[in-house]
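Quick note, the sequences are listed as chains B and Y, same order.
Counting from -10, one number per residue, gives the positions in the first sequence under our numbering.
Counting from -10, one number per residue, gives the positions in the second sequence under our numbering.
Here a beta-carbon is modelled for each residue, glycine too, at the ideal position from N, C-alpha and C.
There are 2 protein chains.
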Amino acid sequence: MLATTIHGPGDIRVEEVPDPTIKRPTDAIVKVVAGCVCGSDLWPYRGENPIQAGATIGHECIGVVEEVGADVTDFKSGDFVIVPFCHCDNTCAHCRAGVQSACVNLGMTSSGQGEFARVGQADGSLVATDGVPDPELLPSLLALTDVMPTGWHAAVSAGVTEGGSVVVVGDGAVGLCGVLAASVMGAETIIAMSRHEDRQQLASAFGATHVVAARGREGAAAVKEITGGVGADAVLECVGTDQSMSTAFAVARPGATVGFVGVPHGVELPVGKMFQKNVGLRGGIAPVRRYLPELLDLVLQGRIDPGRVFDVTMPLAEAPEAYRAMDERRAIKVLLQP
Amino acid sequence: MLATTIHGPGDIRVEEVPDPTIKRPTDAIVKVVAGCVCGSDLWPYRGENPIQAGATIGHECIGVVEEVGADVTDFKSGDFVIVPFCHCDNTCAHCRAGVQSACVNLGMTSSGQGEFARVGQADGSLVATDGVPDPELLPSLLALTDVMPTGWHAAVSAGVTEGGSVVVVGDGAVGLCGVLAASVMGAETIIAMSRHEDRQQLASAFGATHVVAARGREGAAAVKEITGGVGADAVLECVGTDQSMSTAFAVARPGATVGFVGVPHGVELPVGKMFQKNVGLRGGIAPVRRYLPELLDLVLQGRIDPGRVFDVTMPLAEAPEAYRAMDERRAIKVLLQP
């Protein structure tokens, strides 16, 4: 099959690789209808994560079940499915506690930017739609494989409440989905920290009541003013750098929680300040499968349209350009069509 | 008045110092009936915190109101009061949000190991008992000024739930009060990590269902076995060292929260592991005033007896020996009588 591979920093190719096959009886193979590039794919692209030269890349996709292993009972060839980027059995103690991202049988989609993908623990991982969805819904369904549940997880972890104030640090697709999550959860004040006009506009469309373009101390001062000198009740950290984490703690009111979903890179947590201000930190890899049924309902009811984070669509063959566009911030998120 | 002062590491004296006076119209002066030494007093005693030579020390006391400032309306001379170690107006935005330890008018008792103490924001800070309490109740009332609300805050911050499993790291007075808090909150499994027999016994009396004496990997393995291979639902970190924090994260199940109340010294938080396991951290300086009414009720109803952490009582003049006894772990916590 054709799939996107990474050979080194900045070296993305679309090439022939062996088709994925059923390796365990709990696996399924999905023919990809739409995949995409994740902000976290940019870490290895920029050389900030180790790279296994020639490995396939891409962990987000939706598609049609092609084949299932002998132990898969809930899905069959032809089902249209949403594939959570982290696979889980949805029955172990951690899954039952709502932390499917720590499943004892955890797996991950590894060729979502390709023609086919293997899904482990198919019965636990997959969620099927009722028939083949309207093509217009595909972007929003694709967003349910990672970015939307991840933004949602930030909001859940931060304890967003109805009527409360929320700051979202990070205006990537996840941050924008965090704005959308906070809006659905009824936050009254939603402050998006963003310096890019296209993202500011989408943040506002998703429910942001304020946009703060300033960063660092100046940004924190702007948030403090908007929140009547108090700081935010909940903060969503959707980047993963030391600077973004530092901003997140700076804008949090005493007693608030920072919900973090950006994979931490070089982050040193300000434990003394956290103690002094009673500001907590919760979050991590989103338990996508936990949130999927609820978020799918919201999409089908037309209450959320997270697919709007895809501002560019390209054929799979143009994956290298998709990475360049996202790396250079010319695109928020690129949808790839095999 | 006579008060305990610190002149350098290991150098505790009881000597004449000026009586505290009303400095602001919101102040009150309290004649100390009982004070005590806090585990956190041992940080400067051991030279691990900066010391202002000759300064009074001691932030926990109960007593009788001697004098009030012109703006104090809710208390009068003769009232028997519990003095939260952190003073607060109990009306600002942070107090209203339940974070009285971040009050905009925050203060702290500074001569609790003396004959008199000044209390700032008296109307917001103090809680009076109904008449003069039974002498037998004094230790438990004294415990309400810091250790019991601090252990309680660890349990609240960690999200202890009825029927859940809890690990308490640290067998000092705060850790033991954490065990008591978890027990009152209905935790089913309460694992006290303790190596000292007297403390193990008190932990059991306070509701610990298991005691783990091992530390590090071995201790974490013991907790994992007790919790059926899963780890604890909630962890109370009541020490503040890098080792204790590391243990706390090691015993937490995915999705758990570590509630931390030990003043952090040299702690580096394992942000990558927190992200990977979705283990949160919440806590800090306990908002004592927030919990006081509820905890006072529990003491008066005879449902908790946190005063049992005082295993030694000494006259104020013996404060230097009180510090030695606690430093050498010959005493859990020493009550001082002026």
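Around the beta carbon of GLU214 of chain B, fewer than 16 other beta carbons sit within 10 angstroms, so the residue counts as exposed.
Residue pairing by DSSP puts CYS25 of chain Y in a beta bridge opposite Y:LEU324. Looking at the DSSP output, ASP0 of chain B sits in a beta bridge with B:GLY(-3). Every alpha helix (DSSP H) stretch that sits fully inside the stretch 175 to 239 of chain B and reaches 4 residues is listed by chain position as 186 to 194 and 205 to 215. VAL173 of chain Y is a Cβ neighbour of ARG292 of chain Y, given a cutoff of 8 Å. The stretch 59 to 79 of chain B makes contact with the stretch 97 to 111 of chain B: 3 or more CB pairs, one atom from each, lie closer than 8 Å. By the Cβ rule, the stretch 265 to 285 of chain Y does not count as touching the stretch 45 to 64 of chain Y, because fewer than three pairs are nearer than 8 Å. Taking GLY113 of chain B as the centre and dropping the five residues before and after it, the same chain places the C-beta of CYS77, ASP78 and ASN79 closer than 6 Å to its C-beta, in chain order. In this chain, THR10 of chain Y is not harboured by any beta strand (DSSP E), its DSSP state being neither H nor E. Look at THR246 of chain Y here: in three-state DSSP terms it is strand. For ARG318 of chain Y, there is no enclosing beta strand (DSSP E), as DSSP gives it neither H nor E.
A buried status is given to ALA221 of chain B, since no fewer than 16 other beta-carbon atoms sit within 10 Å of its beta-carbon. Contacts with chain B at 8 Å (Cβ-Cβ) do not include ASN79 of chain Y.
Per DSSP, GLU56 of chain Y is not a residue of any alpha helix (DSSP H); the beta strand (DSSP E) it occupies stretches across 50 to 57. Counting only Cβ-Cβ distances below 7 Å, ARG271 of chain Y has contacts in chain B at THR246 and GLY269, in chain order. In this structure, the beta-carbon distance from GLY43 of chain Y to THR10 of chain Y does not fall below 8 Å.
Rounded to the nearest angstrom, the gap between the Cα atoms of LEU31 of chain Y and ILE1 of chain Y is 11 Å.
The closest CA to that of GLU37 of chain Y, considering only Y:VAL163, Y:VAL252, Y:PRO128 and Y:ALA194, is found on Y:VAL252.
Boundaries of the beta strand (DSSP E) harbouring PRO304 of chain B: 301 to 304, taken from the DSSP string.
Any Cβ of chain B closer than 8 Å to the Cβ of PHE264 of chain Y would place that residue at the interface, and such an atom is present. Residue range 136 to 147 is occupied by the alpha helix (DSSP H) that includes ALA143 of chain Y.
It is roughly 20 Å from the alpha-carbon of ARG85 of chain Y to the alpha-carbon of LEU133 of chain Y. In summary, SER90 of chain B is buried, with 16 or more beta-carbon neighbours lying within 10 Å of its beta-carbon over all protein chains present.
Within 7 Å of the CB of SER90 of chain Y, the CB atoms of chain B belong to ASN267, in sequence order along the chain. Residue state for LEU133 of chain Y is assigned as coil, using DSSP reduced to three classes. Chain order gives the chain B residues near GLY87 of chain Y as GLY244, where near means a beta carbon separation below 7 Å. Between ALA143 of chain Y and LEU225 of chain Y, the C-beta gap is smaller than 8 Å, which places the two residues in contact. A distance below 8 Å separates the beta carbons of THR139 of chain B and VAL163 of chain B.
Close to GLY161 of chain Y, with beta-carbon spacing below 7 Å, lies no residue of chain B; the smallest spacing is near 17 Å. Residue contact check for GLY152 of chain Y against chain B: no CB pair falls below 8 Å. Per DSSP, reduced to three states, the secondary structure at ARG271 of chain B is strand. Below the 8 Å Cβ cutoff, chain B contributes VAL219, ARG242, PRO243 and GLY244 as neighbours of HIS83 of chain Y, in chain order.
Cβ atoms of THR15 of chain Y and PHE69 of chain Y stay farther apart than 8 Å, at about 20 Å.
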